[in-house]
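Quick note on this note's numbering: the sequence shown kicks off at 174 and runs consecutively. All C-beta atoms, glycine included, are put in the ideal place defined by N, C-alpha and C.
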Amino acid sequence: MIELKNVVKKFGSFTAVDSVTLTVHAGEFFGFLGPNGAGKTTTIKMIVGLFTPTSGEILVNGYNIVHQPIEAKKTLAYIPDQPYLYDKLTGREFLYFLGGLFNVSKEVLRIRIEELIDHFEIGTWIDRRIEDYSQGMRQRVVIASALLHKPKTIVIDEPMVGLDPRSAKIVRETLREQARQGCSIFMSTHSLPIAEELCDRIGVIHHGKLIFHGTRMEMLRSDGIEKRSLEEVFLQLTQE
Numbered sequence: 174m175i176e177l178k179n180v181v182k183k184f185g186s187f188t189a190v191d192s193v194t195l196t197v198h199a200g201e202f203f204g205f206l207g208p209n210g211a212g213k214t215t216t217i218k219m220i221v222g223l224f225t226p227t228s229g230e231i232l233v234n235g236y237n238i239v240h241q242p243i244e245a246k247k248t249l250a251y252i253p254d255q256p257y258l259y260d261k262l263t264g265r266e267f268l269y270f271l272g273g274l275f276n277v278s279k280e281v282l283r284i285r286i287e288e289l290i291d292h293f294e295i296g297t298w299i300d301r302r303i304e305d306y307s308q309g310m311r312q313r314v315v316i317a318s319a320l321l322h323k324p325k326t327i328v329i330d331e332p333m334v335g336l337d338p339r340s341a342k343i344v345r346e347t348l349r350e351q352a353r354q355g356c357s358i359f360m361s362t363h364s365l366p367i368a369e370e371l372c373d374r375i376g377v378i379h380h381g382k383l384i385f386h387g388t389r390m391e392m393l394r395s396d397g398i399e400k401r402s403l404e405e406v407f408l409q410l411t412q413e
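This is how it looks when you write it as structure tokens:
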């Protein structure tokens, strides 16, 4: 569960995020949309503890991300749009390294890694160096690493960037299943079809303000006249 309460983030005189209030419940798949520079990544970085809000409060599964950062981060997984991997490690070594950071016991970790190798169809690539991986294989390993400690919340930024159709299908199915199992998912994306396919609710941020949040059908009827597509509504909401 994620709770943002009147969250503001300023950089000098510039307000990047302006009084955002939002709740993402357990088991909910929330899509976060907005034009470039709207405040999406800044919001995400505050949720995961990389930026400190100028004012307001952020709770992750009941923990204040500023005052209880370790407790909060133990319950979440963060997958950035350009994740960093250690190229000289194999995929298996990388997964063991990440599992160790979350204090997953070696026996549990061994079993979990084998399950994830099978689920993400990584195969023999798991024992090759990451520097040899394609973008899709890198993304599979990154998402597998995020699931090692069975997080209650997943925050993910542009999950489908550079993925081939097979990798994208695996990622979509994995995220859906995590939500069905009770995980709260906060996904930032520029892909309206992906948001339409996966998300229970959608939020739109523009110039730092949350200008809409609701279900797909609520978005299509946001001005009382039902639109044909989310793209039409999004463009109308974010026009200058």
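Assumed close pair residue i, residue j - CB separation to whole angstroms, cut-off 8 Å
i    : j    : result
M333 : S364 : 6 Å
V239 : L383 : Going by Cβ atoms, the distance from V239 to L383 rounds to 20 Å, so no, they are not a contact pair.
Q351 : I327 : 6 Å
M360 : I329 : 5 Å
G376 : F202 : That belief does not hold up - the Cβ atoms of G376 and F202 are roughly 12 Å apart, past 8 Å.
S357 : G200 : 7 Å
G381 : T196 : Wrong, their Cβ atoms sit about 19 Å apart, outside the cutoff.
R374 : H386 : 6 Å
Selection from the options that minimises the alpha carbon distance to residue i
i    : options                : result
L403 : P242, I284, E370, R301 : E370
Q312 : G381, R339, A189       : R339
G272 : P208, R394, I358, A250 : A250
E346 : P253, K178, I367       : I367
L262 : E201, W298, S361       : W298
L258 : Y306, N237, N234       : Y306
F270 : I243, N237, A319       : A319
G264 : I284, D254, D300       : D300
T411 : G207, D260, M174       : G207
I286 : V315, L177, G210       : V315
Own chain partners of residue i with C-beta closer than 7 Å, once the 5 adjacent residues on each side are dropped
i    : result
I343 : F293, E294, R313
F407 : L206, L365, V377
Alpha-carbon spacing of residue i relative to residue j, whole angstroms
i    : j    : result
I231 : T248 : 14 Å
T362 : D254 : 10 Å
L336 : N209 : 21 Å
K182 : I243 : 21 Å
F275 : Q409 : 43 Å
V190 : Q308 : 31 Å
T388 : L223 : 29 Å
E405 : Q241 : 41 Å
A341 : P256 : 16 Å
Own chain residues within Cβ distance below 6 Å of residue i, not counting five before or after
i    : result
N179 : S192, T194, G229
A317 : L289, F293
V221 : Y251, V328
E414 : The shown model of the chain, from 174 to 413, leaves out residue 414, and the question about it has no answer.
Own chain partners of residue i with C-beta closer than 8 Å, once the 5 adjacent residues on each side are dropped
i    : result
P324 : T248, L249, A250, C356
F267 : L258, Y259, I303, V314, S318
A211 : I378, H379, H380, G381, T411
L348 : F202, I327, I329, P332, I358, M360, L371
M174 : T196, V197, H198, A199, L232, V233, N234, G235, K325, T326, S357
L321 : L268, L271, G272, F275, V277, L282, R285, I286, L289
N237 : E230, I231, A245
Distance cut-off 6 Å: residue i Cβ against heavy atoms of the ligand MG
i    : result
Q412 : The ligand MG is not among the ligands present in this structure, which contains no ligands whatsoever.
Q. Within the chosen definition, does the stretch 285 to 304 reach the stretch 205 to 225 through at least 3 CB pairs nearer than 8 Å?
A. Cβ pair count under 8 Å is below three, so no.
field: Cβ contact check for the stretch 223 to 231 and the stretch 268 to 288: 3 or more pairs under 8 Å
entry: Flag = no, the stretch 223 to 231 and the stretch 268 to 288 do not touch.
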